[in-house]
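The structure under discussion appears below in the form of structure tokens.
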Amino acid sequence: MGAITLANRRVGLDGLSRRAAIRLAALGAVAASVSASSVVRRAAADDIFGGRSPLLFHSPPLPPFRDELPRLPVVSGTEISLDARSSMHAFHADLAPGPTFGYGELDYLGPTIESVQGQTWKLRYTNRTEGNPLAADIDMSLHGMSEHDRHMTPTSLHLHGSITPPESDGHSEMLVRPGESLTHSFPGLNEAAGLWYHDHAMSMTRINVYAGLVGLNIVRDQHDSGLADNSLGLPFGEFEVPLVLQEKIMNPDGSMSIRSNITVPQGKWEGGGTGDVGVVNGKIWPTMEVARGLYRFRIVNAGSYSVWNLFLSNRMKFWVIGNDGGLLDAPVQTDSIRLAPAERVDVLVDFGSLQPGELVELRNDEPPPAQAASLGAVPMPLFCQFRVAPGSGFVGDVMTMYRGGKGQPALLPAVPPAQVQRTVTVNQPSAGLSLDAPMMTLNNLRYTDADIEMPAQGTVEQWNIVNTTLEPHPIHLHLVHFRTLGRAPVDLAAYMRDNPRPDVGVKWAPEVERYVSGPFDAPAAWESGAKDTVNTYPGTVTRILVRFPTADELGFDPDATFSAGSGGHHGDPAELQGYMWHCHMLDHEDHEMMLRYRIVR
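Numbering (the working numbering) for the sequence shown: 7 to 607.
In structure tokens form, the structure reads like this:
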């Protein structure tokens, strides 16, 4: 692959010809309308701007593979302290350090926390941030925000995928401000899996995560111990490598830009934008030397917006052995995998058949979502490079099964029949030809609306998630894990004609089965197993099966009330209850695509 070069300056409205400005304004209006075809809009952008749309900001030209892939430090124990701090970080050898957030001693991202199934552990979290590296981008019109938040950053640490009591879940309204601390208690109920932790502050998640408040939690057990004698024969130590994938737009001075679209003024919420440089473990397009052997990569899509179709540049196959909630029964061999924000995969890659000196790149070719495509965005093509060294590495076989055998965890339980059917909807109320940003909603509701889902403890429910938009939306449920049943197309025109959507604030979740317009597609093989996030495709219904646990099973009451603490936004209630479910496109959850839910007795 040749050197990647990108536009080396921001492009504004100044300097455009009158004709180009007229075309720009017209395309911006079309881009804001969700009723137009994304294919047509993308073609229009390419036709006008030759694939280099001035509607978008761009990073300066940066040669790939100038930095070694960082190895994130590991911490463990039953009592862990972790601070969020302000720092400076250089994302690339050719960029000066820019302002960031980091956890612990890191200037960007956080350490990998190792915990053990069945072992309770505590995390004392302290907010020691000073200001915010993206303060000018905070939108004061979003739920609960004030000018105070530009300088006294609200934070909330959420251990994503963890089976956690509500008071330790990192609730978005349970805020920790600079100088404050909070201790979370985790009961160790998760199976061995790759979880991750990230900031979850109300209306600030996209800001704080983009600034760097992200880290991994690897849960170990007696089988997947991370040691040389693990009974699953898995790579360990230097051959087990977490990969935190993100994409960004960089400024020439080394600072980050969370803005992607010049038609949205600074300080106003943007509905989501793609980056143009890939970032892995905090470095842009890094390179990693690999031995000739088997590697285990623990991968998380920690991006704000984009779905990625990941593959290796030589198209060699690899094995997916686990996802969000832990190991699969059997490995899935594939040459690509589609990963939405917040989804994780546990993969094995064998470099043993390659020759010393060979170069392999981790790439992406997923088209951008509709909103970004309408502005002329193209796929961000690259994440990192692997350089094959002469030495031999981990030698071992990929097992035919990772559950159900001697020295292995039990097989995944059979999928039980649903006792309750529940339809929920994912919506983007149309902005027409207005350039004002549309609101994102679930069930046509705002976060504060009272008409929430309240499944009963011990009940198995099938959730039919109807995506009425032109974009994918990864939906995450806190506390629980579920099984993905599959997806089917929906006749949205008929669905919305027969069931007109009311004004925002009135629940809208019509039954969908009579509007299913095509075959039901089973999930990809690597989507099997326990999930906490599912990608819902445009114009489809996605069916998931979830069992809501009881207080007796958990050892805590999932419907207990708890204090919001002293750091909440002005006017927040003194007590909170329950969990949240939301889109994990972070821009979307920050602007109402997040609702509360309770698991009632």
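All C-beta atoms, glycine included, are put in the ideal place defined by N, C-alpha and C.
Within 8 angstroms, strictly: CB atoms of residue i and residue j
i, j, result
"residue 284", "residue 389", "yes"
"residue 322", "residue 393", "no"
"residue 525", "residue 490", "no"
"residue 349", "residue 539", "yes"
"residue 194", "residue 125", "yes"
"residue 582", "residue 568", "yes"
"residue 599", "residue 448", "yes"
"residue 299", "residue 357", "yes"
"residue 459", "residue 428", "yes"
"residue 513", "residue 330", "no"
"residue 245", "residue 399", "yes"
"residue 165", "residue 223", "yes"
"residue 434", "residue 465", "no"
"residue 291", "residue 139", "no"
"residue 201", "residue 168", "yes"
"residue 430", "residue 515", "yes"
Among the options, the one whose alpha carbon lies nearest that of residue i
i, options, result
"residue 68", "260, 461 and 306", "260"
"residue 519", "274, 471 and 122", "471"
"residue 276", "597, 419 and 515", "597"
"residue 228", "214, 244, 211 and 198", "198"
"residue 510", "98, 464, 196 and 453", "453"
"residue 564", "212, 101, 462 and 216", "462"
"residue 333", "240, 499 and 360", "240"
"residue 467", "488, 111, 450 and 335", "488"
"residue 235", "402, 580, 502 and 419", "402"
"residue 62", "279, 364 and 502", "279"
"residue 602", "192, 534, 98 and 457", "457"
"residue 360", "338, 328 and 318", "318"
"residue 450", "326, 419, 502 and 155", "502"
"residue 485", "586, 533, 75 and 344", "586"
"residue 405", "325, 421 and 445", "325"
"residue 82", "119, 505 and 104", "119"
6 angstroms CB neighbourhood of residue i in its chain, flanking five on each side removed
i, result
"residue 571", "180"
"residue 79", "117"
"residue 151", "209"
"residue 17", "Note that residue 17 scores 33 on pLDDT, short of 50, meaning its location in the model is unreliable; the coordinates nonetheless yield the value given after this. So the list reads 60, once near-sequence residues are dropped."
"residue 249", "286, 303 and 305"
"residue 114", "95, 106, 108, 218 and 288"
"residue 131", "88, 163 and 188"
"residue 52", "Here the model assigns residue 52 a pLDDT of 41, short of 50, so the residue's position is not dependable and the matter cannot be decided."
"residue 171", "562"
"residue 136", "92"
"residue 49", "Residue placement at residue 49 is poorly supported in this model, since its pLDDT is 39, which falls under 50; the coordinates still yield a value, given next. So no residue of the chain qualifies."
"residue 27", "With a pLDDT of 33 at residue 27, under the threshold of 50, the modelled position of this residue cannot be trusted; read the value that follows with caution. For residue 27, where only same-chain residues beyond five positions count, there are no Cβ hits under 6 angstroms."
Cross-strand partners of residue i (DSSP beta bridge)
i, result
"residue 427", "468"
"residue 325", "339 and 354"
"residue 332", "329"
"residue 289", "286"
"residue 421", "None; residue 421 has no bridge partner."
"residue 571", "In DSSP, residue 571 forms no bridge with anything."
"residue 473", "432 and 546"
"residue 494", "547"
"residue 118", "80"
"residue 216", "Per DSSP, none; premise fails for residue 216."
"residue 391", "293 and 367"
Same chain only: Cβ atoms within 8 angstroms of residue i, ignoring 5 sequence neighbours per side
i, result
"residue 362", "298, 394, 395 and 396"
"residue 480", "313, 346, 347, 348, 349, 539, 540, 541, 542, 589, 590 and 591"
"residue 414", "229, 237, 238, 407 and 408"
"residue 272", "142, 143 and 265"
"residue 606", "460, 461, 462, 463 and 565"
"residue 296", "357, 392, 393, 394, 395 and 399"
"residue 424", "466, 467, 468 and 551"
Own chain residues within Cβ distance below 7 angstroms of residue i, not counting five before or after
i, result
"residue 385", "370, 371, 372, 373 and 374"
"residue 523", "495, 496 and 497"
"residue 182", "131, 133, 161, 162, 188 and 573"
"residue 531", "338"
"residue 156", "138, 141 and 144"
Nearest-angstrom beta carbon gap, residue j and residue i [assumed within contact, 8 angstroms]
i, j, result
"residue 301", "residue 225", "Not really, about 20 angstroms apart at Cβ, beyond 8 angstroms."
"residue 309", "residue 251", "7 angstroms"
"residue 342", "residue 315", "6 angstroms"
"residue 593", "residue 311", "6 angstroms"
"residue 185", "residue 133", "7 angstroms"
"residue 86", "residue 148", "About 31 angstroms; that fails the 8 angstroms criterion."
"residue 262", "residue 216", "7 angstroms"
"residue 417", "residue 352", "Not a contact, Cβ separation roughly 17 angstroms."
"residue 207", "residue 178", "6 angstroms"
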